[in-house]
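Okay, so the sequence shown: first residue is 8 according to the numbering used here, each after it adds one. Below: one structure, written as structure tokens.
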Amino acid sequence: MNPTSAPSASASRSSLALALTFAAGALFAGVGAFGCSSSTVDPGPAPAPACDSAKCAPGNQCIAVGGETKCRKTCSSNADPAKGCPFNFTCTALTAPEAECVGPACICAELAVKLEKKDKGQWGAGCNPADGIAANKACDAAQGFQCYAQNPVDGAAYCTRACAKDAECGGGFFCGAVNDSPSAEEANRNGTGTIKICQKRAYGSPCESTVDCGAGLRCIADDKNQKFCSNSCATDNNCAVDAFCADGLCYPYAGVSVGDGNLCSPCRSDLDCAAGKGVCGANTYTTERFCTVPSASACKSQDCPKVPEGVTGGGCTTKAFDDIPAGQCIGLFKLGTSNLPGCWTRTRRK
């Protein structure tokens, strides 16, 4: 039997290469088949259609606020109902300050509290202080409206609510502290307590833009860049007694709408006078409100700090005078031949 001859080395290498090529082809073919067998890409939900102002309700436009673009009602006033917002909304400027709200510059922002609209007894409705505070028959007491008055015979008393922030107040109102006495039920000061209520914006009220202020008012900055509502004027006689007319607007003689709390600083409540440990005083002879400071010892004018430049003089109360307790250093202004409490008040001939 003839012995079998062994395969040559070149033949062996050719066979091995062919086998490896076939195996590799089968492997990659398998991978390709596996990868395309069932996998699909989920496109996700269709994108929401872009806001189209033409499809918004009348008086609305597509406006972006906080990264969200949607139909929003535009406005230009908190004083004119025809140019204002629905109940439970307030007209707010998107950029401040705005001399006038044009186009999408101002929108109706929803209040943080939701109230049921009534025919009477709500934001700014007049009330009689003689009928009390919390249960005043002129106010919508069921929804928290009470009668705010600066004294029991205040002819400008109105219905309003307690608050924690501006967003809880109706259009044309701001949330701020007031002294809790005198009030509709107390003729005299009773301590230094304060409460926060929604107040009508008027001359001297804080603001961010003109639309915040009431009819005929503009939002301007004082010497400390604090913004406040001011009214237009032609002469000083068009301004409050503690303000003068400049460039057609009323400006405080003190230079600021609210001061640092020391003697004669303008103030809105006792909280504004905490730095000097005094009170935010007022009296029947002026509409000005100013900070007092306690007398250092016996109530003598020499025990008091020097009044700021521009104030007529200073003194000290030996007994309570209207809203000002005894033992307080005060500024004085001239009314005829009398010196009366007040720092920046100017008497004028009409």
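Heads up, the beta-carbon is just placed ideally off N, CA and C, and yes, glycines get one too.
Close-in-space but distant-in-sequence residues of the same chain around residue i (CB under 8 Å, 5 per side omitted)
i: A33; result: For A33, the pLDDT reaches just 42, beneath the cut-off of 50, and the residue's location in the model is therefore unreliable, leaving the point undetermined.
i: K121; result: N95
i: E117; result: N95, F96
i: T201; result: A184, V185, N186, D187, S276, D277, L278
i: T242; result: C252
i: L101; result: I70, V72, P111, A112, C113, I114
i: N238; result: Y210, G223, L224, R225, N245, C246, L256, C257
i: E107; result: S83, T217
Whole-angstrom distance between residue j and residue i, CA atom to CA atom
i: S216; j: A119; result: 20 Å
i: T319; j: G338; result: 7 Å
i: A169; j: G151; result: 8 Å
i: G349; j: G73; result: 46 Å
i: S345; j: A174; result: 44 Å
i: Q335; j: Y292; result: 18 Å
i: G178; j: G285; result: 33 Å
i: P332; j: G288; result: 9 Å
i: C58; j: Q68; result: 9 Å
i: R208; j: F180; result: 5 Å
i: C134; j: K62; result: 44 Å
i: E193; j: T76; result: 50 Å
i: A164; j: A303; result: 37 Å
i: R296; j: S83; result: 31 Å
i: G131; j: P56; result: 42 Å
i: A247; j: D330; result: 19 Å
i: C226; j: Y155; result: 25 Å
i: G343; j: D126; result: 47 Å
i: T352; j: G198; result: 25 Å
Segment limits, beta strand (DSSP E) that includes residue i
i: F251; result: 250-253
i: Y260; result: First-last for Y260: undefined, no H or E at that position.
i: L339; result: 335-342
i: L224; result: 224-228
i: S304; result: It is not in any beta strand (DSSP E) - S304 carries neither H nor E in the DSSP assignment.
i: C154; result: 153-155
i: V185; result: 180-186
i: R296; result: 293-298
i: R391; result: With the chain covering only 8 through 357, there is no way to say anything about residue 391.
i: Q206; result: 201-207
i: I360; result: One cannot answer for residue 360 here, as it falls past the ends of the chain, which runs 8 to 357.
i: A282; result: Neither: A282 is in no beta strand (DSSP E) and is coded neither H nor E.
i: F235; result: 234-238
i: Q374; result: Residue numbering for the chain in the displayed model covers 8 to 357; residue 374 lies beyond these limits and cannot be assessed.
i: T140; result: Looking at the sequence shown, residue 140 is not Thr but Ile. Unbroken run through I140: none, as it is neither H nor E.
i: G349; result: Neither: G349 is in no beta strand (DSSP E) and is coded neither H nor E.
i: E165; result: At residue 165 the sequence reads Tyr, which differs from the Glu that was named. From DSSP, the beta strand (DSSP E) with Y165 extends over 165-167.
i: F96; result: 96-100
i: N290; result: 287-290
i: G110; result: Premise fails: G110 is in no beta strand (DSSP E) and is neither H nor E.
i: C323; result: 320-323
Spatial neighbours of residue i in its chain, beta-carbon cut-off 7 Å, leaving aside the 5 residues before and after
i: Q129; result: D147, F152, C166
i: A250; result: C257, Y258, P259, Y260
i: F328; result: N290, P348
i: V265; result: Q233, P273, C274, R275, D279
i: S149; result: This sequence places Ala at residue 149; Ser is not what is there. Closer than 7 Å at the Cβ level, and outside the excluded window around A149, lies no residue.
i: N158; result: P189, A194
i: C176; result: C170, C182, C205
Neighbour-count burial assignment, residue i, 16 or more Cβ in a 10 Å radius
i: D229; result: buried
i: A89; result: exposed
i: D254; result: exposed
i: S60; result: exposed
i: N195; result: exposed
i: E316; result: exposed
i: D87; result: exposed
i: N143; result: buried
i: F340; result: buried
i: T81; result: buried
i: V109; result: exposed
i: A26; result: At A26, the pLDDT of 40 sits below 50, so the modelled position is not reliable; the number obtained from the coordinates is stated separately. Exposed, by the Cβ-count rule.
i: N244; result: exposed
i: D267; result: exposed
beta-carbon residue i near the ligand FAD non-hydrogen atom, thresh 7 Å
i: R353; result: Because no ligand of any kind appears in the structure shown, any question about the ligand FAD cannot be addressed here.
Cβ neighbours of residue i in the same chain (closer than 6 Å, five flanking residues each side left out)
i: S300; result: Residue identity differs from the one stated: residue 300 is Val in this sequence, not Ser. Cβ within range, chain order: L270, G283, G285, C336.
Checklist entry - Is there contact here, the stretch 322-332 with the stretch 295-311, by at least three beta-carbon pairs under 8 Å? => result Yes: the two stretches touch, three or more of their Cβ pairs being nearer than 8 Å.
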